[in-house]
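S.K.:
Protein chains in written order, with my numbering: chain B, 4 to 368; chain Z, 211 to 551.
1. Could you tell me whether any Cβ in chain Z is nearer than 7 Å to the Cβ of residue 78(B)?
2. Just the chain Z side, please: which residues come within less than 9 Å of residue 233(B) by C-beta, in chain order?
3. Could you confirm whether any beta carbon from chain Z is found closer than 7 Å to the beta carbon of residue 334(B)?
4. Check the Cβ of residue 431(Z) against every Cβ in chain B and list those closer than 7 Å, keeping chain order.
5. Output the distance between the C-alpha atoms of residue 229(B) and residue 165(B), rounded to the nearest integer angstrom.
6. By DSSP, does residue 372(Z) sit in helix, in strand, or in coil?
7. Could you have a look at residue 334(B) and say whether DSSP puts it in helix, strand or coil?
8. Who are the near neighbours of residue 401(Z) in its chain, counting only those whose CB is closer than 7 Å to its CB and skipping five residues on each side?
9. In three-state DSSP terms, what is residue 150(B)?
10. Ignore the nearest five residues each way along the sequence and tell me which others in residue 419(Z)'s own chain have a CB closer than 7 Å to its CB.
11. Just how far apart, CA to CA, sit residue 299(B) and residue 84(B)?
12. According to DSSP, is residue 25(B) helix, strand or coil?
13. Quick one, which of 255(B), 172(B), 127(B) has its alpha-carbon nearest residue 150(B)'s?
14. Which chain Z residues are close to residue 71(B), counting only those with a beta carbon under 9 Å from its beta carbon?
15. For residue 79(B) versus residue 245(B), is the C-beta distance shorter than 7 Å?
16. On the CB-based measure, 16 or more other CB atoms within 10 Å of its CB, does residue 254(Z) come out buried or exposed?
17. Helix, strand or coil, according to DSSP, for residue 280(B) in the structure here?
18. Give me the DSSP bridge partner(s) of residue 308(Z).
19. Should residue 226(Z) go down as buried or exposed, given a rule of 16 or more other Cβ atoms within 10 Å for buried?
20. Short of 8 Å in beta carbon distance, which residues of its chain neighbour residue 482(Z), apart from the five on each side in sequence? Order them along the chain.
21. With a CB to CB cut of under 7 Å and the five nearest residues on each side skipped, what residues in its chain are close to residue 319(B)?
22. If contact is defined by three or more beta carbon pairs under 8 Å, each pair taking one atom from either stretch, is the stretch 25-43 of chain B in contact with the stretch 5-14 of chain B?
23. Using three-state DSSP, classify residue 312(B) as helix, strand or coil.
24. Only counting runs of 4 or more residues, tell me where the alpha helix (DSSP H) segments fall wholly within the stretch 358-428 of chain Z, in order along the chain.
25. Quick one: give me the first and last residue of the alpha helix (DSSP H) that residue 240(Z) is part of.
26. The stretch 308-319 of chain Z: which residues have C-beta closer than 7 Å to a C-beta of chain B, in chain order?
27. Given this structure, state the Cα-to-Cα distance separating residue 361(B) from residue 224(Z), to the nearest angstrom.
28. Identify the continuous alpha helix (DSSP H) that holds residue 281(Z) and give its terminal residues.
29. Specify whether the stretch 308-324 of chain Z and the stretch 279-292 of chain Z touch according to this definition: at least 3 beta carbon pairs, one from each stretch, less than 8 Å apart.
30. Rounded to whole angstroms, what is the Cα-Cα separation between residue 472(Z) and residue 466(Z)?
31. My understanding is that residue 246(Z) touches residue 228(Z), with C-beta atoms under 8 Å, so please give their C-beta distance in whole angstroms.
32. Check the DSSP bridge columns for residue 324(B) and list the partner residues they point to.
33. Count the other C-beta atoms from every protein chain shown that fall within 10 angstroms of the C-beta of residue 207(B), then say buried if there are 16 or more, exposed otherwise.
34. Should residue 397(Z) be flagged as near chain B, meaning a C-beta pair shorter than 7 Å?
35. To the nearest angstrom, how far is the alpha carbon of residue 64(B) from that of residue 172(B)?
36. Strictly below 9 Å CB to CB, what residues from chain B border residue 301(Z)?
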């Protein structure tokens, strides 16, 4: 990017003179003014507001780094950020990183170059150490949905253990023993955390988890459909399906219902996130409410506050958010003699699960 | 960084010829010009020395300014712009104008100050004239969803009115006598155009568009859901609901299904945009296809064209037209009258 120095060099004058012209101050000869204006035009120079705020840094904007803004989870984060910034006259500048570490780092570097003092970062791949180093360069750096011990006061995260507990409690309440799991890709940090807590707690309650009933999905509606198809086709018995996001649950329920399987009478389902998908099925499905929007609001306020006062004292308990169960109508006790009837297997043989297309990640997470 | 020699080699001409194509194209035969221009595009060669320096020194960045970032349609624009920008090695910065005139302007200026060589804006609040004025301050401004004749070559527009007319025509021609409309109260420019399309089609069929059959809400799932709640309270029955967009349509379907209504057997529902959800929802949604991906690609191409100072934009701008995507959320009403035909 062109600076005043470049303009000065091209016009053959001092940077101080260029500055006077830019600020419309007197004391510049017509000839010099013309030379400077020509140089400005040729270099396509525009005054960098950020550079002007060099001493104070950039307080009126917040940098945001998210993998995307199109899936319900990240869309909720952006919504929460917008809630706070629109009240505060703070502008959002967003970078999408597509879960790519290089893009995340490039985005961070751009924001640092532009002296952004408040940044919200969602990254699953940058190491803890590296993130801690960045806190020196960005006083208002806040990390979303990840707990880094050394900088806990800057981390906003969800209590996944409570989430797992809620799901297991519900399964126990409705006496389910044969549980299928439709999981998110494990490249997502919170997904492996969530799943390992879930396994632990199930084990503690004495419920066996069969490996054959665990399907990993790509986190999309289609992924949910394909996974439940695989499970039905395998002929294994299951009476409940745990889905680690609502899109997966939506896909699974639609497919089950199309096969004539009734929810919850024959199969119970729990989703995750409490997004609009849970209201799109009949009946609406049970889900875990994750207060993503509130977390994002907290993250934004914290990022702004930390930028103004880097030594702000923070109660890290304010940064932990607790999920709760949304009791819709997709859970029931399954009759002991109930089993998904074999005649459905014939019908589903017609179905072709599609091949995973990495570009089609529009409804992941 | 490709050089003039690389272009010459690819086009199988001399460097002098390449130079002529760039500087004095009127002295070159059409065949040669096309060959060389294709090579320039393929290699991403930047003819202008200043522009070359820009790309060499800095990461090329383009900005995108939208209203709410949490809106699925806007999120799709961002997704598609990034997809194509990534292929050209361009970084994308996104900001929001919060549906407010001065904030939209501030957002554009900030992105420019942050180093964006071009800014794409989908404005909700600014008038055509205000956008024209902004384009004077922001040389690389590209406008989505408007046609502004003075800066036509930087405008990409979609015929919203024709899109709504297409959807209305489909319903009216398929036996739907009583149609409810679900419109958006937070997208004034687009909502007006779409309502105009609906109105003009009604008039064409010599029918009256009754204001009481129009419900307004926010252009999202819950907006659609609450509009459907209102529609269910009415005494007037309707056979179809025409929605401002897919997000609202999905909300309408959710509420209607909750109320025990079968879609499309009892009520048909039509959306607008053809976002991914339209294909994946149950039942799959009949909608108007808005070619966001094609427009995003073109917007990025135009941005690159401006940044690399190639100056061969289409003077009349870029216009896109609607297509009706028929899926399972609608059906024809067979009335005794129709059967006799």
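Cβ atoms here follow ideal geometry from the backbone N, Cα and C, with glycine treated the same way.
M.R.: In terms of the structure at hand:
1. Position 75 of the first chain holds residue 78(B). It does: the Cβ of residue 78(B) has a partner Cβ on chain Z nearer than 7 Å.
2. Translated into positions along the first chain, residue 233(B) becomes position 230. What residue 233(B) touches in chain Z: nothing, since even the nearest Cβ is about 19 Å away.
3. The residue labelled residue 334(B) in the question sits at position 331 within the first chain. False, the Cβ-Cβ gap to chain Z never drops below 7 Å.
4. Residue mapping note: residue 431(Z) aligns to position 221 of the second chain, counting from 1. For residue 431(Z), the chain B residues whose Cβ falls inside 7 Å of its Cβ are 279, in order along the chain.
5. Looking up residue 229(B) in the first chain gives position 226. Looking up residue 165(B) in the first chain gives position 162. Straight-line Cα distance between these residues: approximately 29 Å.
6. If you number the second chain from 1, residue 372(Z) lands on position 162. Residue state, collapsed to three classes: helix.
7. Within the first chain, residue 334(B) is the residue found at index 331, counting from 1. Here DSSP, grouped into helix, strand and coil, assigns residue 334(B) to coil.
8. Walking along the second chain from the start, residue 401(Z) turns up at place 191. 393, 394, 454, listed in sequence order.
9. Position 147 of the first chain, counted from the first residue, corresponds to residue 150(B). Coil.
10. Here residue 419(Z) refers to the residue found at position 209 when the second chain is read from its first residue. Taken in chain order, the residues that qualify are 408, 409, 412.
11. Along the first chain, one-based indexing puts residue 299(B) at 296. Along the first chain, one-based indexing puts residue 84(B) at 81. The straight-line gap from Cα to Cα measures roughly 6 Å.
12. The count along the first chain starts at 1 and reaches residue 25(B) at position 22. Here residue 25(B) sits in helix by DSSP.
13. Residue mapping note: residue 150(B) aligns to position 147 of the first chain, counting from 1. Looking from the CA of residue 150(B), the closest CA among 255(B), 172(B), 127(B) belongs to 127(B).
14. Along the first chain, read from residue 1 onward, the residue named residue 71(B) stands at position 68. In chain order: 285, 288, 289, 292.
15. In the first chain, the residue the question calls residue 79(B) occupies position 76. In the first chain, the residue the question calls residue 245(B) occupies position 242. Result no, Cβ atoms of residue 79(B) and residue 245(B) do not sit closer than 7 Å.
16. Here residue 254(Z) corresponds to residue number 44 of the second chain, with the count starting at 1. Burial call: exposed.
17. The sequence position of residue 280(B) within the first chain is 277, counting from 1. In this structure, residue 280(B) counts as helix in the three-state DSSP scheme.
18. What you label residue 308(Z) is simply residue 98 of the second chain in a count that begins at 1. Bridge partners of residue 308(Z): none, in fact.
19. As a first step, residue 226(Z) is located in the second chain; it is residue number 16 there, counting from the start. Residue environment analysis places residue 226(Z) among the exposed positions, since fewer than 16 neighbouring C-beta atoms fall within 10 angstroms of its C-beta.
20. The residue given as residue 482(Z) occupies position 272 in the second chain. Correct list, in chain order: 373, 374, 377, 404, 453, 454, 455, 456, 459, 497, 498, 500.
21. In the first chain, residue 319(B) corresponds to position 316, counting from 1. The residues 155, 156, in chain order, have a CB closer than 7 Å to that of residue 319(B) in the same chain once the five nearest residues on each side in sequence are set aside.
22. They touch, by the three-pair rule.
23. On the first chain, position 309 is the one that residue 312(B) refers to. Three-state DSSP puts residue 312(B) in coil, outside helix and strand.
24. Listed in chain order, the complete alpha helix (DSSP H) runs (minimum 4 residues) inside the stretch 358-428 of chain Z are 370-383, 398-414.
25. As a first step, residue 240(Z) must be located in the second chain, where it is residue number 30. Element bounds for residue 240(Z): 240-253.
26. So the list reads 308, 316, 317, given in the order they occur along the chain.
27. For this step, residue 361(B) is matched to residue 358 along the first chain. For this step, residue 224(Z) is matched to residue 14 along the second chain. Caution is warranted here: a pLDDT of 41 is assigned to residue 361(B), below 50, making its placement in the model unreliable, and the coordinate value is therefore given only provisionally. The alpha-carbon of residue 361(B) is positioned some 43 Å away from that of residue 224(Z).
28. Translated into the one-based positions of the second chain, residue 281(Z) becomes position 71. Per DSSP, residue 281(Z) belongs to no alpha helix (DSSP H) and is neither H nor E.
29. Result no; under three Cβ-Cβ pairs closer than 8 Å.
30. Residue numbering aside, residue 472(Z) sits at position 262 when the second chain is read from its first letter. Residue numbering aside, residue 466(Z) sits at position 256 when the second chain is read from its first letter. So the alpha carbons of these two residues sit roughly 8 Å apart.
31. One-based indexing of the second chain puts residue 246(Z) at position 36. One-based indexing of the second chain puts residue 228(Z) at position 18. Going by Cβ atoms, the distance from residue 246(Z) to residue 228(Z) rounds to 6 Å, so yes, they are a contact pair.
32. Taking the first residue of the first chain as 1, we reach residue 324(B) at position 321. DSSP, once it has assigned bridges, lists 161(B) as partnering residue 324(B).
33. Along the first chain, read from residue 1 onward, the residue named residue 207(B) stands at position 204. Only exposed fits residue 207(B), as fewer than 16 other CB atoms lie within 10 angstroms of its CB.
34. By 1-based counting over the second chain, the position of residue 397(Z) is 187. It does not: the Cβ of residue 397(Z) has no partner Cβ on chain B nearer than 7 Å.
35. Position 61 of the first chain, counting from 1, holds the residue named residue 64(B). Position 169 of the first chain, counting from 1, holds the residue named residue 172(B). The straight-line gap from Cα to Cα measures roughly 43 Å.
36. Taking the second chain and counting its residues from 1, one reaches residue 301(Z) at position 91. By Cβ distance, chain B contributes 98, 106, 109, 110, 113.
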